[in-house]
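>
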Amino acid sequence: MAITYNPDNDIPDLSGKAIAANSLIDEVHANTTTNDGNSIVTFIPCDQTSLSSVRDAAKLLLAKSQNLIDILICNAGVMAILPALSQDAYEIQFAINHLAHAPLVQLCIPALQNARAKNDGAAGHGRIVVTVGGAWLGWGAPEEVGGIDFTGLKKMQGGVGGPAMLAKYTLYSQSKLANVLHAAELARRYPELRRCYPSGGDCVDGADGAHEFHRPVGGENGCEELRALQFAGGQEKVSLESGGLYEPVGKLLAHTELSADEALAGKLWEWTEKEIEGYLQ
Numbered sequence: 059m060a061i062t063y064n065p066d067n068d069i070p071d072l073s074g075k076a077i078a079a080n081s082l083i084d085e086v087h088a089n090t091t092t093n094d095g096n097s098i099v100t101f102i103p104c105d106q107t108s109l110s111s112v113r114d115a116a117k118l119l120l121a122k123s124q125n126l127i128d129i130l131i132c133n134a135g136v137m138a139i140l141p142a143l144s145q146d147a148y149e150i151q152f153a154i155n156h157l158a159h160a161p162l163v164q165l166c167i168p169a170l171q172n173a174r175a176k177n178d179g180a181a182g183h184g185r186i187v188v189t190v191g192g193a194w195l196g197w198g199a200p201e202e203v204g205g206i207d208f209t210g211l212k213k214m215q216g217g218v219g220g221p222a223m224l225a226k227y228t229l230y231s232q233s234k235l236a237n238v239l240h241a242a243e244l245a246r247r248y249p250e251l252r253r254c255y256p257s258g259g260d261c262v263d264g265a266d267g268a269h270e271f272h273r274p275v276g277g278e279n280g281c282e283e284l285r286a287l288q289f290a291g292g293q294e295k296v297s298l299e300s301g302g303l304y305e306p307v308g309k310l311l312a313h314t315e316l317s318a319d320e321a322l323a324g325k326l327w328e329w330t331e332k333e334i335e336g337y338l339q
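For the sequence shown, counting from 1, position 132 maps to 190 in this note's numbering; every step adds exactly one.
1. If you draw a straight line from the alpha carbon of alanine 142 to that of glutamine 215, how long is it in whole angstroms?
2. What first and last residue would you give for the alpha helix (DSSP H) that runs through leucine 235?
3. Shortest alpha-carbon distance to isoleucine 154 belongs to which of Leu224, Thr209, Asp207 and Asn237?
4. Measuring CB to CB, does alanine 160 end up less than 7 Å from leucine 126?
5. Taking Cβ to Cβ, would you say leucine 170 is nearer than 7 Å to leucine 251?
6. How many Å lie between alanine 147 and isoleucine 98 at the Cα?
7. Identify the continuous alpha helix (DSSP H) that holds leucine 109 and give its terminal residues.
8. With C-beta atoms as the reference, is glycine 205 less than 7 Å away from leucine 235?
9. Could you give the distance in angstroms between the alpha-carbon of lysine 213 and the alpha-carbon of glutamate 328?
10. Would you decide whether lysine 226 is buried or exposed? Buried here means 16 or more other CB atoms lie within 10 Å of its CB.
11. Just the Cα atoms here: how many angstroms apart are isoleucine 102 and valine 163?
12. According to DSSP, is valine 203 part of a helix, a strand, or is it coil?
13. Would you kindly check if the distance between the Cβ of alanine 323 and the Cβ of leucine 211 is under 7 Å?
14. If you check the beta carbons only, do alanine 222 and leucine 316 fall under 7 Å apart?
15. Can you give me the C-alpha to C-alpha distance between leucine 326 and lysine 176, rounded to a whole angstrom?
16. Helix, strand or coil, according to DSSP, for isoleucine 139 in the structure here?
17. Alpha carbon to alpha carbon, how far is aspartate 178 from arginine 113? Give it in angstroms, no decimals.
18. Let me know if glutamate 243 comes out buried or exposed under the rule of 16 or more other beta-carbons within 10 Å of its beta-carbon.
19. Within the continuous alpha helix (DSSP H) that includes leucine 338, where are the two ends?
20. Please work out which residues of its chain come closer than 6 Å, Cβ to Cβ, to valine 188, disregarding the five sequence neighbours upstream and downstream, and give them in chain order.
21. Just curious, the beta strand (DSSP E) that cysteine 132 is in, first and last residue?
22. Report the three-state DSSP secondary structure of isoleucine 98 (helix, strand or coil).
23. Just the C-alpha distance for glutamate 149 and threonine 209, rounded to the nearest angstrom, thanks.
24. Taking only three categories from DSSP, how would you classify glutamate 320?
25. Within its chain, find whatever has a CB closer than 7 Å to the CB of glutamate 333; leave out the 5 residues flanking it on each side and keep chain order.
26. Using the beta-carbon count (16 or more within 10 Å), is alanine 245 buried or exposed?
27. Are the Cβ atoms of lysine 122 and threonine 100 separated by less than 7 Å?
28. Would a C-beta distance cut-off of 7 Å place tyrosine 230 and glutamine 145 closer than the cut-off?
29. Of all the options Leu109, Ile186 and Gln232, which has the alpha carbon lying nearest to the alpha carbon of aspartate 207?
This is the structure:
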């Protein structure tokens, strides 16, 4: 059952909390100083096609936050772009939508734990929000290879046959399934932190191919994804299920057979850890 949710009234006071979002807007930077001189927003460059860039951005974030982060929102990504390789030679959508978030999250976990401990485990401290959209439900990752084609993750078209214009949708879906699996595994491995991942909601962002997509898991206008993020990041009035998957706004979703596959989530976790181990120092 969906929860009645109004961001104007239901987001608690966030004074004194550090919120790290992957989506930063240049034009607000010039007006992000309060009357007491504190900065509200700090822009940190980060190229998600490069794991080195992600590592450097995470280190700068940790330095600026003094190793205290209350909420980490992993929201940046691409949708159904044409096949390509990242700077580190991974299939581009998997690289940006999944792999780039992994070292950022891992490097920030101590800061999230610090914030939760400093506030005696209070709600709203030590929270990770991962946006997953609706593609993992609508198009389906390649089930014939078990949901994620690990042998194709370093190939231009990710091991997916057929025309590139069709393959890009399968590859996008695969990357979003990876988001769901990895977030669920993160919840199992770090039970002291809270993780939730909003799914669905319309958000018009001009990304390549956005006009071709079906509406993901509900949502009535361009603000639904933002409302889902606000709910997942700031809601304290209800008990969020750690590792829970929510659609706008506040409705807990059931997993599919693939997204609930703990063996697949564990395999993805181990693969991811191996690929990013050189970027965690």
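Using N, Cα and C, we set each Cβ at its ideal position, and we do this for glycine too.
Only a predicted model underlies this, so the values are computations on that prediction, with no experimental measurement involved.
For this structure:
1. Start at 1 with the first residue of the sequence shown, and residue 142 comes out as number 84. Start at 1 with the first residue of the sequence shown, and residue 215 comes out as number 157. Looking at the two C-alpha atoms, the distance is approximately 7 Å.
2. As a working note, residue 235 is residue 177 in the sequence shown. Its alpha helix (DSSP H) spans residues 222-247.
3. Start at 1 with the first residue of the sequence shown, and residue 154 comes out as number 96. When only C-alpha atoms are compared, the closest one is Asn237.
4. Mapped onto the sequence shown, residue 160 falls at position 102. Mapped onto the sequence shown, residue 126 falls at position 68. Against a cut-off of 7 Å, the Cβ pair of leucine 126 and alanine 160 comes out as no contact.
5. Taking the first residue of the sequence shown as 1, we reach residue 170 at position 112. Taking the first residue of the sequence shown as 1, we reach residue 251 at position 193. It is a contact, given that the beta carbons lie within the stated cut-off.
6. The count along the sequence shown starts at 1 and reaches residue 147 at position 89. The count along the sequence shown starts at 1 and reaches residue 98 at position 40. The straight-line gap from Cα to Cα measures roughly 36 Å.
7. The residue labelled residue 109 in the question sits at position 51 within the sequence shown. Segment 109-123, the alpha helix (DSSP H) holding leucine 109.
8. Numbered from 1 along the sequence shown, position 147 holds the residue referred to as residue 205. Numbered from 1 along the sequence shown, position 177 holds the residue referred to as residue 235. Against a cut-off of 7 Å, the Cβ pair of leucine 235 and glycine 205 comes out as a contact.
9. If you number the sequence shown from 1, residue 213 lands on position 155. If you number the sequence shown from 1, residue 328 lands on position 270. Straight-line Cα distance between these residues: approximately 20 Å.
10. Indexing the sequence shown from 1 puts residue 226 at position 168. Looking at its Cβ environment, which holds 16 or more other Cβ atoms inside 10 Å, lysine 226 is buried.
11. As a position in the sequence shown, residue 102 is number 44, starting the count at 1. As a position in the sequence shown, residue 163 is number 105, starting the count at 1. Spanning the two alpha carbons is a distance of roughly 15 Å.
12. Against the sequence shown, residue 203 aligns to sequence position 145. Note: valine 203 maps to helix in three-state DSSP.
13. Translated into positions along the sequence shown, residue 211 becomes position 153. Translated into positions along the sequence shown, residue 323 becomes position 265. Taking 7 Å as the Cβ cut-off, leucine 211 and alanine 323 do not qualify as a contacting pair.
14. The residue given as residue 222 occupies position 164 in the sequence shown. The residue given as residue 316 occupies position 258 in the sequence shown. Cβ distance not < 7 Å, so alanine 222 and leucine 316 don't count as in contact.
15. Position 268 of the sequence shown, counting from 1, holds the residue named residue 326. Position 118 of the sequence shown, counting from 1, holds the residue named residue 176. The straight-line gap from Cα to Cα measures roughly 32 Å.
16. For this step, residue 139 is matched to residue 81 along the sequence shown. DSSP places isoleucine 139 in coil when its eight states are reduced to three.
17. Looking up residue 113 in the sequence shown gives position 55. Looking up residue 178 in the sequence shown gives position 120. Distance between the alpha carbons of arginine 113 and aspartate 178 is about 29 Å.
18. As a first step, residue 243 must be located in the sequence shown, where it is residue number 185. The residue in question, glutamate 243, is buried, as its Cβ has 16 or more Cβ neighbours within 10 Å.
19. The count along the sequence shown starts at 1 and reaches residue 338 at position 280. That residue, leucine 338, is in no alpha helix (DSSP H); it is neither H nor E in DSSP.
20. Numbered from its first residue, the sequence shown carries residue 188 at position 130. Result list for valine 188: Cys132, Asn237, Ala241 and Tyr255, in chain order.
21. Locating residue 132 in the sequence shown gives position 74, counting from the first residue. Start and end: 129-132.
22. Here residue 98 refers to the residue found at position 40 when the sequence shown is read from its first residue. Of the three classes helix, strand and coil, the one that applies to isoleucine 98 here is coil, per DSSP.
23. Working through the sequence shown from its first residue, we reach residue 149 at position 91. Working through the sequence shown from its first residue, we reach residue 209 at position 151. Between glutamate 149 and threonine 209, the C-alpha separation is close to 11 Å.
24. Translated into positions along the sequence shown, residue 320 becomes position 262. Helix at glutamate 320.
25. Start at 1 with the first residue of the sequence shown, and residue 333 comes out as number 275. Once the five neighbours on either side are set aside, the close Cβ partners of glutamate 333 are Leu157.
26. For the purposes of this step, residue 245 is taken as residue 187 along the sequence shown, with counting starting at 1. Per the 10 Å Cβ criterion, buried.
27. The residue given as residue 122 occupies position 64 in the sequence shown. The residue given as residue 100 occupies position 42 in the sequence shown. It is a contact, given that the beta carbons lie within the stated cut-off.
28. Indexing the sequence shown from 1 puts residue 230 at position 172. Indexing the sequence shown from 1 puts residue 145 at position 87. It is not a contact, given that the beta carbons lie outside the stated cut-off.
29. As a position in the sequence shown, residue 207 is number 149, starting the count at 1. Per the Cα distances, Gln232.
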